[in-house]
Each structure stands twice: as C-alpha cells, then as structure tokens.
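Going by this note's numbering, the sequence shown wraps up at 521, each residue one higher than the last.
Okay, structure first, notes after.
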Amino acid sequence: MTNPLPREKTDLSQSFEMDACNDCHMIKALTSLLLVFAINGLGFNAHAHGFKAGDLTINHPYATPSLKGSKTGAAYIRSIKNNGKQADQLISARTTVAESVELHQMQMAGDVMKMRPVSAIDLPANAELRMMHGTPDGYHLMLMNLKHPLKDGDRFQLWLQFKNSGEREVTVYVQTPKSGTPAHNH
Ligand SMILES: [Cu+2]
C-alpha cells in the first residue's frame with residue numbers, strides 16, 4: 336500500500352530496457368554495459384538483457400527453439416530478483432506468438448522429468464529466483480499453441496503479470512542452450 340503503482344513507467348526502467356536491448360552505437364553500448372553491471376553487480380555478458388518492474392529485476396528472458404512439428408514452446412528467465420521488502424508473485428503471462436502461456440514446474444517422477452501447471456510463482460522479498468532450463472524443480476513458461484515455430488535468433492514480446500508490481504513487457508531471445516537438456520540434469 337506504500338508502493339506507488341506507476342513505478343514501472345519511470346525513466347530508469349525505460350532507459351534500462353532500451354539500452355540493454357537495442358543494437359546501438361558504441362557509446363550507448365558502453366553505457367548500457369556499465370548500467371547492467373551497476374544494477375546486477377555481477378559479471379553479466381554483453382548479450383544479456385534485463386528489465387525492471389517496480390522492485391523486480393528481470394534478467395535475460397529467453398526461449399529455446401521449438402521442436403520440429405511441435406506446437407508448444409518453452410520460455411525461461413535467467414533470474415527474477417526481488418529487491419523489495421515485500422513478497423511478490425508471477426501470476427500469469429501472455430505473448431503474441433502463442434495462444435496462451437502456462438506457468439509450469441519441472442518435477443522428477445522416478446527417472447522421468449515431468450511438468451505440472453502452477454497457479455503462481457513465488458518471488459520472496461530480497462531474494463532471487465532462477466528460472467533457467469535444466470534447473471531441478473525449476474519453473475518455465477509453457478507457450479501453448481504456437482502461431483509459428485520459434486527459431487534461433489528470433490525475438491518476441493512477452494507480458495509478465497506480477498501480483499504487486501503489475502504487468503511488464505519484456506523481449507524474449509530465442510537461443511539454443513549451451514548446456515544440457517532438462518532431462519539430463521539432476
Ligand atoms: Cu511445460
């Protein structure tokens with residue numbers, strides 16, 4: 336109740352997104368790199384991109400290329416950091432490339448990796464949630480009924496709905512993961 340609602344519209348969040356996502360000339364690239372380092376305090380590579388929504392920092396949303404003939408896709412987020420004192424939740428998402436988006440959690444059932452829909456993903460105060468592929472018990476966004484296949488190098492828009500921080504539009508990078516598939520990760 337003490338949170339001013341339109342914080343995601345501040346200049347900082349806007350410039351953060353623009354600087355981190357657009358291919359610009361060198362000065363802007365250097366500025367964005369410094370900004371990314373300053374905000375994350377971690378060794379992020381130059382291809383990472385990020386977004387702010389209230390007290391949340393959304394680092395590098397990405398999706399794997401869809402499998403041939405498959406109408407579903409999976410999107411991930413390197414991390415969502417809640418810098419605030421109040422817990423938040425990711426409660427839904429939507430995108431232009433798929434009919435609907437479901438929140439899923441991976442679970443081992445014996446030797447088989449399964450996934451189940453969840454109604455919300457908790458973002459505790461002062462904590463960082465990793466939503467990367469291959470994370471045991473990890474979450475992902477399931478893209479249902481893709482309108483076209485997702486190919487390496489594609490980008491698409493995704494709207495994340497947070498319980499407290501409102502809705503935030505992010506750009507998702509489609510990329511082939513460098514490390515193993517979820518099924519081989521324990
Ligand atoms: Cu899934």
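All residues carry an ideal CB built from backbone N, CA and C; glycine is no exception.
Computed from a predicted structure; not experimentally measured.
Which same chain residues, not among the five before or five after A373, have their C-beta less than 6 Å away from its C-beta?
Locating residue 373 in the sequence shown gives position 38, where the first residue counts as 1. Its pLDDT being 44, under 50, A373 is placed unreliably by the model, and nothing is read from it.
Selection from I426, K420, A383 that minimises the alpha carbon distance to W494
Translated into the one-based positions of the sequence shown, residue 494 becomes position 159. Checked all of I426, K420, A383; the closest Cα to W494 is I426.
Based on the DSSP output, what are the partners of S414 in its beta bridges?
Residue numbering aside, residue 414 sits at position 79 when the sequence shown is read from its first letter. Answer is N394.
Measuring straight from C-alpha to C-alpha, what distance separates K420 and K387?
Here residue 420 is taken as the residue at index 85 of the sequence shown, counted from 1. Here residue 387 is taken as the residue at index 52 of the sequence shown, counted from 1. Those two C-alpha atoms are separated by around 16 Å.
Suppose you measure from the CA of S405 to the CA of K498; what does that come to, to the nearest Å?
By one-based count along the sequence shown, residue 405 stands at place 70. By one-based count along the sequence shown, residue 498 stands at place 163. The C-alpha of S405 lies about 31 Å from the C-alpha of K498.
Pick out the complete beta strand (DSSP E) segments inside the region 452-491, 3 residues or longer, and give them in chain order.
456-458, 462-466, 474-481
Along the beta strand (DSSP E) that carries G419, what are the first and last residues, could you check?
Counted from its first residue, the sequence shown places residue 419 at position 84. G419 -> no beta strand (DSSP E), and no H or E assigned at all.
Going by DSSP in three states, L402 sits in which element: helix, strand or coil?
Mapped onto the sequence shown, residue 402 falls at position 67. Correct three-state label for L402: coil.
I believe T399 touches T511 by the beta-carbon criterion, under 8 Å. Please report the beta-carbon distance rounded to the nearest angstrom.
The residue you call residue 399 lines up with position 64 of the sequence shown. The residue you call residue 511 lines up with position 176 of the sequence shown. T511 and T399 do touch by the CB rule: their CB atoms are close to 7 Å apart, below 8 Å.
Presumed contact (8 Å Cβ cut-off) between S414 and M466, rounded CB distance
Residue mapping note: residue 414 aligns to position 79 of the sequence shown, counting from 1. Residue mapping note: residue 466 aligns to position 131 of the sequence shown, counting from 1. Sure, about 7 Å apart at Cβ, within 8 Å.
Which residues in the same chain have their Cβ closer than 8 Å to the Cβ of V507, if we skip the five residues on either side of it in sequence?
Numbered from 1 along the sequence shown, position 172 holds the residue referred to as residue 507. Closer than 8 Å at the Cβ level, and outside the excluded window around V507, lie P396, Y397, A398, A410, T430, R490, F491, Q492, L493.
State yes or no: is the C-beta of L476 within less than 8 Å of the C-beta of V436?
Along the sequence shown, read from residue 1 onward, the residue named residue 476 stands at position 141. Along the sequence shown, read from residue 1 onward, the residue named residue 436 stands at position 101. It is a contact, given that the beta carbons lie within the stated cut-off.
On the three-state DSSP scale, how would you describe G501?
Within the sequence shown, residue 501 is the residue found at index 166, counting from 1. Reduced to three states, the DSSP call for G501 is strand.
Terminal residues of the beta strand (DSSP E) in which T384 lies:
Within the sequence shown, numbered from 1, the residue matching residue 384 stands at position 49. It is worth fixing the name first, because residue 384 is His in this sequence and not Thr. Careful: H384 lies outside any beta strand (DSSP E) and carries neither H nor E.
Have a look at I393 and V509 and give me their C-alpha separation to the nearest angstrom.
As a position in the sequence shown, residue 393 is number 58, starting the count at 1. As a position in the sequence shown, residue 509 is number 174, starting the count at 1. Distance between the alpha carbons of I393 and V509: 16 Å.
Report the option in M479, L438, D446, V447 whose CA atom is closest to the CA atom of S454.
In the sequence shown, residue 454 corresponds to position 119, counting from 1. For S454, the nearest C-alpha among the options comes from L438.
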